[in-house]
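I have placed the structure first, in the form of structure tokens, so that the comments after it can refer back to it.
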Amino acid sequence: MNERGRKEVRRTRKVSLRFVLSVNQCKGVAHMKRLHWAALVTLVAALGLAIAAVPTWAGAKKSYEQINWNKPKPIGERIGSQKYVLPEGWKEAVKGVTKIKVSNFGALEHDPATVQNAKAFEELTGIKVEVLAWAEPPIVAKTVSIFAAKSAAVDIMCYDHPTTYMQMVAGGWLHPIDAIWNDPGVWKLYAPPTKKGLTAPDGHIYGSIGQVKTMMLFYRPSVVSKPPATWTEVQETAKKVTTDKMWGYVFSAGGEMDIVYPLRDMIYSQGGRMVELKKQRIAINTPEGKNAWKMLTDMVMTDKSAPSSVLEYSWMAASDMFAMGKAAMVVTHTVDANRFQDPKKAPNIQNDWAVAPPPKWDASKPDEYHASYFDIDGYMINKYISDPQKAASMLFLDYMRSYEAHYREL
Numbered sequence: 028m029n030e031r032g033r034k035e036v037r038r039t040r041k042v043s044l045r046f047v048l049s050v051n052q053c054k055g056v057a058h059m060k061r062l063h064w065a066a067l068v069t070l071v072a073a074l075g076l077a078i079a080a081v082p083t084w085a086g087a088k089k090s091y092e093q094i095n096w097n098k099p100k101p102i103g104e105r106i107g108s109q110k111y112v113l114p115e116g117w118k119e120a121v122k123g124v125t126k127i128k129v130s131n132f133g134a135l136e137h138d139p140a141t142v143q144n145a146k147a148f149e150e151l152t153g154i155k156v157e158v159l160a161w162a163e164p165p166i167v168a169k170t171v172s173i174f175a176a177k178s179a180a181v182d183i184m185c186y187d188h189p190t191t192y193m194q195m196v197a198g199g200w201l202h203p204i205d206a207i208w209n210d211p212g213v214w215k216l217y218a219p220p221t222k223k224g225l226t227a228p229d230g231h232i233y234g235s236i237g238q239v240k241t242m243m244l245f246y247r248p249s250v251v252s253k254p255p256a257t258w259t260e261v262q263e264t265a266k267k268v269t270t271d272k273m274w275g276y277v278f279s280a281g282g283e284m285d286i287v288y289p290l291r292d293m294i295y296s297q298g299g300r301m302v303e304l305k306k307q308r309i310a311i312n313t314p315e316g317k318n319a320w321k322m323l324t325d326m327v328m329t330d331k332s333a334p335s336s337v338l339e340y341s342w343m344a345a346s347d348m349f350a351m352g353k354a355a356m357v358v359t360h361t362v363d364a365n366r367f368q369d370p371k372k373a374p375n376i377q378n379d380w381a382v383a384p385p386p387k388w389d390a391s392k393p394d395e396y397h398a399s400y401f402d403i404d405g406y407m408i409n410k411y412i413s414d415p416q417k418a419a420s421m422l423f424l425d426y427m428r429s430y431e432a433h434y435r436e437l
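See below:
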């Protein structure tokens, strides 16, 4: 091939190459356009679905929000009547829930009303209540460990002291339950301190009531013909009636915070306080506190009218001593009347026990000083459980604070 032929071939190749590139570029542009359109259509479709779904998603209520606590009656009327009335919407809210777990402060043998109420709730709703009997000393630590682990193992935790409740509130571990208290009339069912005690610093309510109780003087009329009206009379009477088979008086000083019970009431009976108002701290080293401490110590060390084993007694153990007929007097919770009237649990004192107001300190004190504390044992809901479990737990708390449930505590 001559030079002219070679040039023609080169020119033809260049033209062919430009043609191929031009065609491929056009194809590429078209392909890219198709990709862009496909992506745009997909995006619009996705946005359309999202926009269509927004109203349903945004407006969907959580399980526990489906319950209308003020229907068919206002909360106060629903729970305050002799027969508890379930709120509207509860069935839908607890759909799929078959069981809830509830911790209990101590052995169930000491809380027969709790067991009965758990069964009644199951009969009412079909939801089984597994009551977990936790020993008293480690119960706070056990509760904290479950919360700190963000565990859903237990739905409802009990608290026996307001300080425990506020400790859990501060931890940020509780599910708010303002909704079940959203009726001014409901507070009329309880003593005035209840609302203030349940309201957290952030203004929300995270707890409810399991039982409300105070302390009374229980005595055996066959031994103590006239109930002491003052603590000084309690001390003197205890000395007189103590025998080889029966102590004159017993109290608790062994379990967690148990010594607080007798000290607190004795301090109040003198017109004193156990918690400083300004600093909100326990103060025992006061004149009233020293008087109370000395009297309790004298009963054990000097009078020999109370056993040294009180250092091992929980409040339940002290009540057991009275129930077994081994003590003439005890100041204990009103709910212990259930135990004392049970022939199986208190066989030695049947028809031989009575109750009197908590003593004032001595005859010089006004009658208003017949004082005891106002105790709320209650429940709080684990915020780490599912929404349906929260709904069922709130329903249980609603029932447990009712007239019907509290009647069993009497």
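Here the sequence shown is numbered in my numbering, starting from 28 and rising by one per residue. Where a beta carbon is used, it is the ideal one built from N, C-alpha and C, also for glycine.
Note that the stretch 207-219 touches the stretch 98-108; at least 3 beta-carbon pairs, one per stretch, sit closer than 8 Å.
Around the beta carbon of G234, a 10 Å sphere encloses 16 or more other beta carbons of the protein chains shown; the residue is thus reported as buried. Counting the other Cβ atoms within 10 Å of the Cβ of T221 gives 16 or more, which makes it buried.
D404 sits in a strand when the DSSP states are folded into three classes. Considered as a whole, the stretch 351-379 harbours 364-367 as its complete alpha helix (DSSP H) runs of no fewer than 4 residues, in chain order. The secondary-structure analysis by DSSP pairs W161 across a beta bridge with F132. The three-state secondary structure of A218, taken from DSSP, is coil. Where K240 is concerned, the enclosing beta strand (DSSP E) starts and stops at G234 to K240.
Contact check between the stretch 88-100 and the stretch 119-130: three or more CB pairs, one atom from each, fall below 8 Å, which counts as touching.
Burial check for Y434: the Cβ neighbour count within 10 Å stays below 16, so the residue is exposed. Here N409 is bridged, per DSSP, to L201. Under the three-state reduction of DSSP, K321 is assigned to helix. Ranking A333, W161, I154 and E115 by CA distance to the CA of E136 puts W161 first.
Counted as a single uninterrupted DSSP element, the beta strand (DSSP E) harbouring V382 occupies residues A381 to A383.
Proximity to S391 across M326, G316 and E260 peaks at E260, based on C-alpha coordinates. Rounded to whole angstroms, the gap between the alpha carbons of N409 and K146 is 22 Å. For F349 against V277, the beta-carbon gap comes to about 7 Å, under 8 Å, which counts as contact. Of all alpha-carbon atoms in L151, F423, T313 and F245, the one lying nearest the alpha-carbon of I183 is that of F423.
Residue pairing by DSSP places T257 opposite K387 in a beta bridge. The Cβ atoms of M243 and Y400 lie no closer than 8 Å to each other. For D379, same chain residues with a beta-carbon under 6 Å away, outside a window of 5 residues either side, are R247 and S249 in chain order.
Taking 8 Å as the cut-off, the beta carbon of S346 is found no closer than this to the beta carbon of T361. Counting other Cβ atoms within 10 Å of its Cβ, Q143 stays below 16 and is therefore classed as exposed.
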